[in-house]
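Single-structure report; data block below.
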């Protein structure tokens with residue numbers, strides 16, 4: 001955990017060559033490539049393409065103001081075929097999710113049927129199928145109810161990994177390949193929470209103490225490859241999307257951290273708790289101060305935890321938030337605020353010449369992991385090999401959540417598309433239609 005410079009809050013006035021050289025040097029010094037030599041060609045290719053993609057971003061002259069202060073352009077003014085944009089909207093509306101609008105009821109029909117599946121956080125009554133299309137900072141289309149504050153489910157994970165990135169940028173986490181264990185103090189948890197074999201009762205517990213868990217790094221947590229064993233907020237890790245073979249529940253052998261990708265909300269919530277321990281303050285406060293207020297987000301967003309996810313930290317009772325809505329809670333915000341976050345990640349953490357999140361962090365977040373080539377840090381779903389969106393540029397990503405809630409980020413085309421409460425296949429068709437409307441499809445393959 002050697003020292004390093006902290007560079008999160010200054011603009012980066014480098015040329016593209018300087019940026020590429022500095023990023024390579026930093027990652028090599030931090031042993032990222034030396035520890036993961038198989039990723040080196042992918043890292044170099046991804047960085048080169050993303051740095052080239054920022055040519056358009058650097059030419060961006062319009063940034064939205066605060067909250068409602070956001071300029072519109074008609075599709076025609078923005079250079080899109082208006083009839084094809086209308087077609088994209090019609091595809092989206094026709095592709096609305098067929099799940100109940102009462103998300104608490106929907107939970108009982110789905111994840112609530114799992115072991116330990118009872119809800120412990122709030123749910124909303126969702127709005128209609130909704131969307132926003134942003135090009136070069138301007139809103140060129142909107143439909144549904146983009147002001148409605150709704151659950152965003154696993155898009156919450158992108159806000160969580162960003163909160164970890166903010167700590168990294170400030171030197172609070174020296175290296176993402178550091179073990180998590182030295183960073184997380186004993187935390188008083190309820191009986192049943194903690195690692196297997198912990199003493200019964202409400203007492204301070206260590207979360208990275210078992211033979212397996214002490215090998216887990218921040219990178220493992222961010223990429224969902226930790227295979228952490230234990231229970232948190234009454235939810236054993238084996239109970240989230242449990243194996244069909246019940247004899248394996250809580251008994252299977254652990255896999256080496258970093259070698260297997262498994263989507264698991266108990267482990268996501270573990271990362272949220274670990275980050276809270278590092279920050280020594282609620283993560284919503286961190287996000288508001290360093291991201292949401294600076295990007296002009298509305299005052300309506302909320303980041304919820306669970307009824308039982310309260311801890312005492314420095315003499316204060318604070319709520320550890322949820323990194324998703326699997327059992328309720330998580331981030332709740334409008335489609336407009338989702339679009340602002342998409343713009344921030346598209347511009348590699350820069351907002352109107354303020355570097356809110358380091359470019360280094362966004363580059364790591366959008367680099368595939370060894371265990372899943374289509375996943376970066378949570379929840380950056382990558383278009384590696386154009387497997388996710390065959391007609392989109394490879395160097396795009398989507399902040400993805402159930403519902404579906406999707407923030408499509410396309411640096412090459414200076415484009416952000418938000419869609420909520422849409423079936424996944426329909427969203428792919430929406431992306432294709434929007435790219436077709438700007439004449440981009442032919443040049444992206």
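Numbering (full-length UniProt numbering), first residue to last: 1 to 445.
Heads up, the beta-carbon is just placed ideally off N, CA and C, and yes, glycines get one too.
Computed from a predicted model, the values in this text were never measured in an experiment.
Excluding the 5 residues preceding and the 5 following residue i in the sequence, name in chain order all residues of the same chain whose CB lies nearer than 6 Å to its CB.
i: residue 204; result: 186, 188
i: residue 160; result: 272, 323
i: residue 380; result: 365, 366, 397
i: residue 24; result: Note that residue 24 scores a pLDDT of 49, beneath 50, so its modelled location is shaky and nothing firm can be said.
i: residue 437; result: 80, 81, 84, 85
i: residue 221; result: 271
Pull up the distance between the alpha-carbon of residue i and that of residue j, whole angstroms please.
i: residue 70; j: residue 139; result: 7 Å
i: residue 408; j: residue 349; result: 16 Å
i: residue 243; j: residue 401; result: 22 Å
i: residue 455; j: residue 258; result: One cannot answer for residue 455 here, as it falls past the ends of the chain, which runs 1 to 445.
i: residue 366; j: residue 83; result: 33 Å
i: residue 279; j: residue 433; result: 43 Å
i: residue 76; j: residue 91; result: 19 Å
i: residue 430; j: residue 262; result: 28 Å
i: residue 155; j: residue 335; result: 12 Å
i: residue 313; j: residue 282; result: 10 Å
i: residue 96; j: residue 78; result: 27 Å
i: residue 27; j: residue 390; result: For residue 27, the predicted model reports a pLDDT of 49, less than 50, meaning its position is unreliable; a value from the coordinates is still stated below. Whole-angstrom Cα-Cα distance: 30 Å.
i: residue 427; j: residue 269; result: 28 Å
i: residue 358; j: residue 411; result: 16 Å
i: residue 223; j: residue 94; result: 34 Å
i: residue 56; j: residue 308; result: Reliability of the predicted coordinates at residue 56 is poor, the pLDDT of 47 falling under 50, and the value obtained from them is presented with this limitation in mind. Straight-line Cα distance between these residues: approximately 46 Å.
i: residue 353; j: residue 344; result: 11 Å
Please state if the CB of residue j and the CB of residue i are separated by a distance shorter than 8 Å.
i: residue 296; j: residue 64; result: yes
i: residue 190; j: residue 209; result: no
i: residue 143; j: residue 131; result: yes
i: residue 293; j: residue 265; result: no
i: residue 310; j: residue 169; result: no
i: residue 192; j: residue 231; result: yes
i: residue 342; j: residue 399; result: yes
i: residue 290; j: residue 166; result: yes
i: residue 153; j: residue 405; result: yes
Taking buried to mean at least 16 other C-beta atoms within 10 Å of its own C-beta, is residue i buried or exposed?
i: residue 461; result: Any question about residue 461 goes unanswered here, given that the chain covers just 1 to 445.
i: residue 346; result: buried
i: residue 74; result: exposed
i: residue 229; result: buried
i: residue 376; result: buried
i: residue 182; result: exposed
Here's a check: name, in chain order, each residue in its chain whose Cβ is nearer than 7 Å to the Cβ of residue i, leaving out the five neighbours to either side.
i: residue 304; result: 121, 122, 321, 322, 329, 330, 332
i: residue 106; result: 99, 100
i: residue 373; result: 384
Taking the alpha-carbon of residue i as reference, which of the options has the nearest alpha-carbon?
i: residue 136; options: 378, 281, 372, 351; result: 351
i: residue 495; options: 236, 276, 385; result: Outside the displayed span of the chain (1 to 445) sits residue 495, for which this structure offers no information.
i: residue 98; options: 383, 232, 92, 422; result: 422
i: residue 385; options: 378, 394, 125; result: 394
i: residue 236; options: 116, 429, 417; result: 116
i: residue 163; options: 378, 397, 406, 300; result: 378
i: residue 298; options: 282, 424, 338, 314; result: 338
i: residue 233; options: 306, 104, 363; result: 306
i: residue 253; options: 213, 291, 270; result: 213
Could you name the residues of the same chain whose beta carbon sits closer than 8 Å to that of residue i, not counting the 5 residues immediately before and after it, in chain order?
i: residue 260; result: 225, 227, 371
i: residue 21; result: In this prediction, residue 21 scores a pLDDT of 45, lower than 50, which makes its location untrustworthy; the coordinate-derived value is nonetheless stated afterwards. Excluding sequence neighbours, residue 21 sits near nothing in its chain.
i: residue 124; result: 103, 149, 150, 151, 332
The ligand PLP and residue i: does the residue's C-beta get closer than 7 Å to at least one heavy atom of that ligand?
i: residue 203; result: For the structure depicted, the ligand PLP is absent and the ligand set is empty, with no information on it obtainable.
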